[in-house]
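Read the structure below first, then the notes.
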Amino acid sequence: MQTELKNKIEFALDTIRPYLEADGGNVRIVELTDDMVLRIEMLGSCGSCPMSSMTLKAGVEDAIKRAIPEITKVEAINLTVA
0 MQTELKNKIE FALDTIRPYL EADGGNVRIV ELTDDMVLRI EMLGSCGSCP
50 MSSMTLKAGV EDAIKRAIPE ITKVEAINLT VA
């Protein structure tokens, strides 16, 4: 992953991290695929929270796509299905 693109992703994630951290969670970049799918890991309480899928779509994916429109999708590699 290019350093500039990774920095943009981290900056976008930093805009929502305070909300995740307030609930005992966080997020980590795992990889960005060749077809511009960002794979992340939900950390802490975000990995097992029943609301994590909504947090992923409404929070994380929205922030990422607004900052880096070329990213087509954001997937969490470790969400627990409620």
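Going by numbering that gives the first Met the number 0, the letters in the sequence shown line up with residues 0 to 81, in that order. From the three backbone atoms N, C-alpha and C, an ideal C-beta is built for every residue, glycine too. As the structure is a prediction and not an experimental result, all values here were calculated from the model.
Taking a contact to mean a Cβ-Cβ separation below 7 angstroms, would you say residue i touches residue j in this structure?
i: arginine 27; j: leucine 37; result: no
i: serine 51; j: cysteine 45; result: yes
i: isoleucine 15; j: glycine 58; result: yes
i: alanine 11; j: isoleucine 63; result: yes
i: glutamate 69; j: methionine 35; result: yes
Could you tell me which of the options sits nearest to residue i, measuring between CA atoms?
i: lysine 56; options: Asp34, Lys72 and Cys48; result: Lys72
i: alanine 2; options: Leu31, Pro17, Leu19 and Tyr18; result: Reading off the sequence, residue 2 comes out as threonine, not alanine. Among Leu31, Pro17, Leu19 and Tyr18, the Cα nearest to that of threonine 2 is on Leu31.
i: cysteine 48; options: Asn25, Leu4 and Arg65; result: Asn25
Per DSSP, what are the beta-bridge partners of residue i in this structure?
i: arginine 65; result: Beta-bridge pairing links arginine 65 to no other residue.
i: isoleucine 39; result: Ile28 and Ala75
Indicate whether at least one CB of chain C lies closer than 7 angstroms to the CB of residue i.
i: serine 44; result: Given the protein chain composition of this structure (a single chain), no chain C is represented.
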